Amino acid sequence: MMTHNKLAAAVLMSLMLSACQGENSQDNADALGVQVVQLSPLSTGDLGFSQVQAPVTQGLNTRRDDIQFVFPMSGVYQPRQWQSSQLVASNEYWFPVSGEALNQGIPLTISQGGAVIRLAPRADMSSGALFHAPAIEPASLELSAPKGAQVPNLVRSMANAEALASAGMNDDSSALLLSSAAPAGEYRLKVRSAVDPRSQYLVNVKEKGSPLVLHLRAPMGLSLGQSLAGSLTLDGLGQLSTAKALLRQGTQELPLPLTLENGAFSAAMPDGFEPESAAALSELLIDVQSRVDGIAVKRTIKTAFKHFAPSGRVLPDAQVQWQGETPVAVTFNLELADAGRYALSAVLTGTDSNGKEVAIHSSAAARWFEASDSLTLPLSRELIERSGLKAPFQIRELELKDQGQMATLSFQDKALQL
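The end of the sequence shown is residue 403 by the numbering used here, with every number in the run present.
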């Protein structure tokens, strides 16, 4: 009897050992592995800096909580190019003018009929007290045609502040619409009834439908110490020879000498011009005065850009965590110039049976850093395996943001192949 019991126990022990070995084999297959990898070099169109610099403004986002999340995606992957610049166009110009100048009369350059002249009152604090200019009735404006021009009905229609407010312009402005027969040339605008000489107004001349359009392409972001560069062209003109520019931010307003050559412009940022707040945008305003086919043309154009310190960068080495044949996380090493809140985001793609790159999910992570450290982007094993996609997997659109400055510090379209 004892022999049979010993035999049964031996058989049971053998079965248990076999089962344990099977479970261990499965655990080993799913065990986490870590792979040290190198990020791809930056390519044309990517954004990145080789050195870091501490911010000069107080951070806006100082939250200390850690955030990680993924968002499912599907379909053939469509690459997102980093938008480093923006293009704006202008068929108008504007300038400030005093009540004293309006009493005497001001010159206006008009390059075609049908132009709209708008006059908007402005507030002024130069005396230390707030003074707001009164609205001007359009009927009290006097517009003189260029010398020698004979136009019976120079002004086609008028609009007062109430009429413009009903159209969405709530700035007490008034407007004159010129006749389509109004010739090109230099006009003169004045008020029939004198206004307070202290009054300040903005004069805006818009030539809708004009073929003489000014185009400006300028960066959307500019790091401290970086020169400003872009393109500036006027339709119908080979190239511009002169332009006046101003930089504005908060209470700062500085002239900016431009270098123009073959449709491009460049300018060194003035010494000491730095952002006053992490929430502020800098404004570039350019005035152009030229002649096209003998016709005088004036245009004003402006754009805004983010002025920031390159406070962090993603270092080349990273670590990929694998569970079996599935990547489940990527840890990136960050070099940071100062404490702050930083965020990483990216898109994970895989390869289908036809060799096409297909999006699986986006991934993001953010936390507070006291110094240079690492940040891990989570990858969803469930979404990867459910997609049926295989290697090579890729980390696309890797973007580093300084959430204190609200600025993008780096962007890499093809960061890593897994």
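Glycine is no exception: its CB is placed at the ideal position from the N, C-alpha and C atoms. Only a predicted model underlies this, so the values are computations on that prediction, with no experimental measurement involved.
Burial state of residue i, where buried means 16 or more other Cβ atoms lie within 10 Å
i	result
E310	exposed
A203	buried
K283	buried
I52	exposed
Q379	buried
F54	exposed
S262	exposed
R276	exposed
V73	exposed
K386	buried
V273	buried
Q388	buried
Q36	exposed
G7	Because G7 sits at a pLDDT of 44, beneath the cut-off of 50, its placement in the model cannot be relied upon, and the following sentence gives the value as read from the coordinates. Under this definition G7 is an exposed residue.
T227	exposed
P123	buried
L17	exposed
S165	exposed
P92	exposed
D157	buried
N9	Summary for N9: the model assigns pLDDT 45, below 50, so the residue's position carries little reliability, and this model does not support an answer.
Q63	exposed
L269	buried
R103	buried
H292	buried
P137	exposed
R326	buried
V315	buried
V305	buried
G373	exposed
Any chain C beta carbon closer than 8 Å to residue i
i	result
V188	Here chain C cannot be found, since the structure has a single protein chain.
Unbroken beta strand (DSSP E) run spanning residue i, endpoints
i	result
E127	L126 to S129
G335	G325 to T336
L360	D358 to P363
S372	Note, S372: premise wrong, no beta strand (DSSP E); alpha helix (DSSP H) at R366 to S372.
S142	V140 to A144
S159	S159 to L163
G206	G206 to S208
A344	E342 to F354
G18	L17 to Q23
Counterpart residues of residue i in DSSP-defined beta bridges
i	result
T316	Q304 and T361
P106	Y186
R284	V273
A392	D387
K132	Beta-bridge pairing links K132 to no other residue.
A120	A120 is not bridged to any residue.
E192	Per DSSP, none; premise fails for E192.
L93	Y172
K399	R381
G297	L321
L197	Its beta-bridge partners do not exist; DSSP assigns none.
T311	Q308
V180	V180 is not bridged to any residue.
CA-to-CA distance, residue j to residue i, given in whole angstroms
i	j	result
S75	T336	45 Å
K175	S330	57 Å
L161	G84	18 Å
D278	L45	51 Å
L231	N247	21 Å
F56	S365	9 Å
R352	S69	26 Å
G33	K399	13 Å
N13	R298	The predicted position of N13 is uncertain, since its pLDDT is 47 and thus under 50; no value can be drawn from it.
Q38	A294	6 Å
R371	L300	32 Å
V332	I345	8 Å
S477	D181	Within the shown structure, residues of the chain are numbered from -14 to 403, placing residue 477 beyond reach of any answer.
N88	D323	55 Å
A252	Q211	10 Å
L197	W79	16 Å
E367	M58	13 Å
T244	T288	18 Å
A169	E127	18 Å
Y186	L222	31 Å
A146	N155	8 Å
Bounding residues of the alpha helix (DSSP H) (the contiguous stretch that carries residue i)
i	result
G84	G84 to Q89
Could you tell me which uninterrupted beta strand (DSSP E) segments, each at least 3 residues in length, are contained entirely in the region 210 to 272, listed from first to last along the chain? 213 to 219, 229 to 234, 237 to 240, 244 to 246 and 249 to 252
Would you list, in sequence order, the uninterrupted beta strand (DSSP E) runs of no fewer than 3 residues that lie entirely inside the region 33 to 82? 52 to 57 and 70 to 75
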